[in-house]
Every structure is written in structure tokens, then in C-alpha cells.
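First up is the structure itself, then whatever we jot down about it.
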Amino acid sequence: MLSQTPAKTVVRAYVEAMNASDFSALASLFAPDAVIHGVLGHGTLDFALPIWRELHECLAMRLDVLDMAEEGDNVVVRFRETGKAVLPFRGMPATGRSFELTAIEWFTVVGGRITQRWGIRDSGHQARQLGWSA
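Going by the numbering used here, the sequence shown opens with residue 1, and the numbers climb by one from there.
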């Protein structure tokens with residue numbers, strides 16, 4: 001079992017809230033001035049929450065923790081991200097096809113709140129699996 005620390009507990013709560021589509025709980029884990037960096041850009045929660053909602057509604061996204069490491073205020077997680085294109089997403093069609101890929105997210109946790117989050121994933125691999133590109 002992975003060791004638990006306060007920062008890892010916050011990140012695990014993020015995963016649980018993300019998987020449950022509990023956006024109120026998700027938002028409560030972030031500092032008011034947190035910055036979220038991702039494949040589609042960066043900004044505050046006002047920027048990220050609509051994208052996260054779309055990921056759930058359109059791609060039925062789920063994160064499974066594979067590895068988690070912590071140093072200082074930073075926690076990094078390697079995920080298996082899965083989902084299925086059930087509704088159109090950002091101009092791409094709902095193909096009914098599934099995807100599985102590796103995603104990595106890096107969190108800075110200060111005072112029990114996420115102050116920064118970076119997310120990277122192989123969007124090209126996802127697009128090929130979903131039939132959005134050759």
C-alpha cells in the first residue's frame with residue numbers, strides 16, 4: 001500500500017472527487033488562487049472546471065492511480081486514464097470507442113490545498129483510439 005501523508009491525502013481526495021464527478025468537492029481542494037495547467041491551456045478553477053465537466057460528460061473519463069511520489073510540497077502521480085467517447089467533445093464526434101492512456105499530474109500542495117496542478121497526457125494516442133485521427 002502507498003504511504004499516506006497530508007499532501008498525498010489531498011491528492012487522493014482529488015482523484016476520488018474527479019472520478020465521482022463531484023465538482024464541489026474537487027473545487028474545495030484547491031486554494032482560491034490556484035493555477036491549473038493542462039493540455040487545453042492554463043488558468044484558475046473557473047477555466048478548468050468546465051473542461052473537467054466536459055471530460056466526464058463527453059468522454060466518461062476515469063483516473064486510476066498507478067504510482068504516487070512526494071517531495072517537499074510536490075506530489076506527482078502516474079495514472080491510467082480511461083474513458084469512452086459518449087458525446088461530442090470540443091468538435092470531435094462521439095464514436096462510442098474507448099481509450100486508455102498514461103497520464104501524469106504534478107501537484108503543489110500548501111496548507112492542505114492544491115496551489116498548482118500540471119497535467120500531461122498523450123492526447124495523440126487518445127485521438128487515435130477514439131477514431132479522431134489516423
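Even glycine gets a Cβ: it sits at the ideal position worked out from N, Cα and C. Remember, it's a predicted structure, so these values are computed and weren't measured experimentally.
CA-to-CA distance, residue j to residue i, given in whole angstroms
i      : j      : result
Glu70  : Phe79  : 15 angstroms
Phe89  : Gly112 : 33 angstroms
Val86  : Phe23  : 20 angstroms
Arg121 : His37  : 12 angstroms
Leu130 : Val75  : 30 angstroms
Buried versus exposed call for residue i [16 or more other C-beta atoms within 10 Å across all chains shown]
i      : result
Val110 : exposed
Ala103 : buried
Per DSSP, cross-strand counterpart(s) of residue i
i      : result
Thr115 : According to DSSP, which records beta bridges pairwise, Thr115 is partnered with nothing at all.
Phe47  : In DSSP, Phe47 forms no bridge with anything.
Val35  : Gln116
Arg78  : Asp67 and Ile104
Integer Cβ distance of residue i from residue j, believed to fall under 8 angstroms
i     : j      : result
Asp73 : Ala7   : 7 angstroms
Arg62 : Thr82  : 5 angstroms
Ile51 : Leu59  : That pair is no contact at about 11 angstroms.
Ala34 : Thr115 : 5 angstroms
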